[in-house]
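Asks: One structure, as structure tokens, below. Some questions next.
Residue numbers (this note's numbering): -10 to 168.
Shown next, in the form of structure tokens:
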């Protein structure tokens, strides 16, 4: 799975499966996140540790999967977005994503959400869950617009959601050849 996509600003990004050699680029992506984005993704201001980047980049595509969005300006490709999902032994897969602030508002979040939902569905997972800080209105709006939320609970400043891909999104992907 690899595709090039043009965003709203005309920039081209490549979306592909994560690879083990992406660990250093994951570290660079996290170093480039604003403190607000960092807190919204990890619920803390700490940076990604090398062993966490290694674990995130080495997925088995059975229990864990991730895709990346990268730009290639002639130097080493740079990651600008990463959604991932973990498939627990029981319950729904959990998902999360990060992307650099300059890339927000260009359709990248929607693209990456659709890619990770599609990848999960190809593996037989049709329900997902996510924990989102309640004040992260952008992420909550994204999920509300592009998924069918079946359960929402709020506790301690965190909104926990259970959701599936919206039926119209599945129909559109099927009608247009998928991703």
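A virtual CB, placed ideally from N, CA and C, is assigned to each residue, including glycine.
From which residue to which residue does the beta strand (DSSP E) around residue 5 run?
Replies: 1 to 6
Asks: Buried or exposed: which applies to residue 76, given that a residue is buried once 16 or more other Cβ atoms fall within 10 Å of its Cβ?
Replies: Low local confidence applies: a pLDDT of 49 at residue 76 is under 50, so the model's placement there is unreliable, with the coordinate-based value given in what follows. The residue in question, residue 76, is buried, as its Cβ has 16 or more Cβ neighbours within 10 Å.
Asks: Output the distance between the C-alpha atoms of residue 172 and residue 20, rounded to the nearest integer angstrom.
Replies: There is simply no residue 172 to check, as the chain begins at -10 and stops at 168 in what is shown.
Asks: Taking the straight line between their C-alpha atoms, what separation do you get for residue 51 and residue 60?
Replies: 27 Å
Asks: Which first and last residues belong to the alpha helix (DSSP H) in which residue 20 is found?
Replies: 12 to 20
Asks: Taking 7 Å as the limit between beta carbons, can you name the residues of its chain near residue 56, skipping five residues before and five after?
Replies: Hits under 7 Å: 4, 5, 6, 7, 72, 101, 104, 105 and 108.
Asks: Taking the beta strand (DSSP E) that residue 53 falls in, what are its first and last residues?
Replies: 53 to 60
Asks: Would you give the residue range spanned by the alpha helix (DSSP H) that residue 99 belongs to?
Replies: 97 to 111
Asks: Please list the terminal residues of the continuous alpha helix (DSSP H) segment that includes residue 65.
Replies: Counting along the chain, residue 65 falls outside any alpha helix (DSSP H), and DSSP gives it neither H nor E.
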